[in-house]
Structure formats: structure tokens, C-alpha cells
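Report on the following structure.
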Ligand SMILES: C[S@@+](CC[C@H](N)C(=O)[O-])C[C@H]1O[C@@H](n2cnc3c(N)ncnc32)[C@H](O)[C@@H]1O
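In our numbering, the protein residues as written are 5 to 205.
Structure, rendered in C-alpha cells:
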């Protein structure tokens, strides 16, 4: 656990980027993310760094009662807010802590969605290995951002010392991280529509 990072995200719990409902443009991007992750009725999904649970709620509705979302976050305040938002969703399991240390059933999930969180993993290779081990064979791993990597890296650099070094690695490095964990990267889109990587276990 990185306490400075957890404290920083605690302080961001009421900021627009973490609490405001998604706008139309963002909802279009969310659809692309769910499509890339093949999220459907009954899907079992891991969502690290869920923040206040906005995406978790959308996924929970999409997968229905036969599916499961396992969501977590290192920020107690984010988890507290996500708990409120997800109170009525019996198909969500929400925990506090790093995803690197979370308990995840081996080979039992269809999809991992890292939305707006991947740069914040202190050990990216370790996090990917851990999450890959939770995926079923042919499970899907998605890394997504509303902004492209240049925008994300610039934002983090300027935002706060706790996240100033949290970068989205270049595409060739991302491919190496995923291939070393036994996955094939199907695509990396990094353009004016944001960032979207899809890998298959
Ligand atoms: C930029 S926010 C995005 C939150 C949410 N996914 C969203 O899009 O609104 C990143 C979140 O990841 C959490 N986080 C950072 N490192 C983490 C880790 N190693 N494991 C789990 N959560 C983490 C932070 O506390 C924060 O809430």
C-alpha cells in the first residue's frame, strides 16, 4: 500500500472527475470499453481502482444477477462512496486495498477492466500477473482511459507529487508487460478518442 497515494485519492473523492455522472461523450467511450471487454449477462468481472463505483454500477446492471463484479480501491473514502452507490447491487463485491494484494479466485473471471487506474500501479508487471491469474483461459484484459496516454501522463505530472510519476508506459512496453504475463495484445488504440488496450489470456 502506498499511503501518500491513498491519501491523495481520499482528497479527490468529491472532485468532478470522480463523483460527477458520466456525460454523453464519456458514456460513448464506456460502451467501447464494455464492448472491448465482452461484458454481457452473467460475466464475472474484476475492476481494480473502482473509485466511487460509477463504472462498477454500469457493469453490475449489464451483467445482471447471474454475473459478478469484484471491485476494489486503496482509498477508504472512495470505497465508502462506492458502497453507498452500489448498496442495491447484490452482484458486486467491494473491498479496500491494493489489487496486487487482493484475494482473487484463480482462473475464474471473464474480464479485467482497469479503467483510469493502470498508471497508478506501483509495480505494473506484478499487477498484470496477478490479474491475469484471475482470468479464465481466453479471458479479456482491458486498460482504458478517457484521454490518450500523452494527456494522462501530462495530467499526472502536473496534478500532485503522489501521482506525478504514475505514467502509462509506451505501447511497446505495454505489449512486453502483457506478453510476459502470457497474454496476447489484440490492440492498443491511443488517439483522440482516448486509450484502449485489449489483451487475451
Ligand atoms: C484516477 S482514479 C479512477 C477511479 C475510477 N476507476 C474512475 O474512473 O472514476 C484511480 C483509482 O485507483 C485507485 N488505486 C490506485 N492504485 C491502486 C491499486 N494498486 N489497487 C487498487 N486501487 C488503486 C485510487 O485510489 C483511485 O481511486
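From the three backbone atoms N, C-alpha and C, an ideal C-beta is built for every residue, glycine too.
Beta-carbon within less than 8 Å of residue i's beta-carbon, same chain only, minus the 5 sequence neighbours each way: which residues are those?
i: residue 181; result: 128, 129, 132 and 173
i: residue 14; result: 79, 80, 81 and 82
i: residue 45; result: 66, 67, 68, 70 and 71
Quick one: what's residue i bridged to in DSSP?
i: residue 202; result: 146 and 191
i: residue 75; result: 51 and 98
i: residue 113; result: 139
i: residue 119; result: 148
Buried or exposed: residue i, going by 16 or more other Cβ atoms within 10 Å of its Cβ?
i: residue 56; result: buried
i: residue 115; result: buried
i: residue 95; result: buried
i: residue 198; result: buried
i: residue 31; result: exposed
i: residue 92; result: exposed
i: residue 184; result: exposed
i: residue 27; result: exposed
i: residue 77; result: buried
i: residue 134; result: buried
i: residue 119; result: buried
Could you check what DSSP says for residue i in three-state terms: helix, strand or coil?
i: residue 138; result: helix
i: residue 129; result: helix
i: residue 5; result: coil
i: residue 45; result: coil
i: residue 155; result: helix
i: residue 161; result: helix
i: residue 13; result: helix
i: residue 23; result: helix
i: residue 90; result: coil
In chain order, what residues of the same chain have a beta carbon less than 7 Å from the beta carbon of residue i, not counting five sequence neighbours either side?
i: residue 126; result: 6
i: residue 87; result: 98
i: residue 204; result: 142, 144, 187, 188 and 190
i: residue 47; result: 67, 71, 114 and 115
Going by beta carbon distance, what residues of the same chain come within less than 6 Å of residue i, once the five residues before and after it are set aside?
i: residue 202; result: 40, 146, 190 and 191
i: residue 74; result: 50 and 97
Quick one: any contact between the region 45-65 and the region 154-163, if contact means 3 or more CB pairs under 8 Å?
Under the three-pair Cβ rule at 8 Å, the region 45-65 does not count as touching the region 154-163.
Pair every Cβ in the region 140-150 with every Cβ in the region 36-53, then say whether three or more of these pairs are closer than 8 Å.
By the Cβ rule, the region 140-150 counts as touching the region 36-53, because three or more pairs are nearer than 8 Å.
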